[in-house]
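To start, the structure under review is shown below, and the notes come after it.
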Amino acid sequence: MSAGGDFGNPLRKFKLVFLGEQSVGKTSLITRFMYDSFDNTYQATIGIDFLSKTMYLEDRTVRLQLWDTAGQERFRSLIPSYIRDSTVAVVVYDITSESCFLCFSNSFLPCLVTFLHFICQN
Numbered sequence: 005m006s007a008g009g010d011f012g013n014p015l016r017k018f019k020l021v022f023l024g025e026q027s028v029g030k031t032s033l034i035t036r037f038m039y040d041s042f043d044n045t046y047q048a049t050i051g052i053d054f055l056s057k058t059m060y061l062e063d064r065t066v067r068l069q070l071w072d073t074a075g076q077e078r079f080r081s082l083i084p085s086y087i088r089d090s091t092v093a094v095v096v097y098d099i100t101s102e103s104c105f106l107c108f109s110n111s112f113l114p115c116l117v118t119f120l121h122f123i124c125q126n
C-alpha cells in the first residue's frame, strides 16, 4: 500500500474512513469539516457516502477522500472493504455510552487490527 501516493506527485491523496455506531456523529464531523456548518436533523447514512476536499498547503496540494460509513449493524460486514487502501481510520463513538464503546471494541477494533496486521506484513 502506498500511504498517500507518489511523493514526487504534487497532488497527494489520502483516504480517510470514518467508523462507528449509528448516530454517534460521523456525518456531523465530516459536514463541519467540509462546509463549516452543522445540521440538527438526523438522517442515517445508508451504505456509505463519499466526499472529497482539496486542500492547498504551503508546498503541496492534498486531496482528502472522506468515506462516511453507515453505523447500522447490517452494514458492518462491509467495513473490511471500506478500510482497504485507506490512509487513516477515524473512529467515532459516544463517550457517554459504555455499550457504544463495547461495540467499538467488539466490532470495529478486530477489523482494524486485521487490516493493520495485513499492512505490516507487506
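In terms of the working numbering, the sequence shown is residues 5 to 126.
Think of the CB as a built atom: it goes at the ideal place given N, C-alpha and C, for glycine as much as any other residue.
Inset, instruction - Tell me, to the nearest whole angstrom, how far the beta carbon of L20 is from that of L82; I am working on the premise that it is less than 8 angstroms. - result: Locating residue 20 in the sequence shown gives position 16, counting from the first residue. Locating residue 82 in the sequence shown gives position 78, counting from the first residue. Not confirmed; about 17 angstroms, so no contact.
Inset, instruction - Indicate whether W71 and Y86 have their beta-carbon atoms separated by less than 7 angstroms. - result: Residue 71 sits at position 67 when you count from the first residue of the sequence shown. Residue 86 sits at position 82 when you count from the first residue of the sequence shown. In contact: W71 and Y86 (Cβ atoms closer than 7 angstroms).
Legend entry - Unbroken stretches of the alpha helix (DSSP H), 4 residues or longer, contained in the stretch 47-106: 83-87
Inset, instruction - Report the residue ranges of all beta strand (DSSP E) runs contained in full by the stretch 14-47; include only those spanning at least 3 residues, in chain order. - result: 15-23
Inset, instruction - Would you check if the stretch 105-121 and the stretch 32-42 touch, i.e. whether three or more CB-CB distances between them fall below 8 angstroms? - result: no
Legend entry - Closest by C-alpha distance to F18, when choosing among T31, R88, S111, S32: Mapped onto the sequence shown, residue 18 falls at position 14. Among T31, R88, S111, S32, the Cα nearest to that of F18 is on R88.
Inset, instruction - Could you tell me if Y97 is buried or exposed, where buried requires 16 or more neighbouring beta carbons within 10 angstroms of its beta carbon? - result: Taking the first residue of the sequence shown as position 1, residue 97 is located at position 93. With 16 or more Cβ atoms within 10 Å of its Cβ, Y97 is classed as buried.
Inset, instruction - Determine the closest residue to Q26 out of E62, F79, V92, with distance taken between C-alpha atoms. - result: Position 22 of the sequence shown, counted from the first residue, corresponds to residue 26. That would be F79, whose Cα lies nearest to the Cα of Q26.
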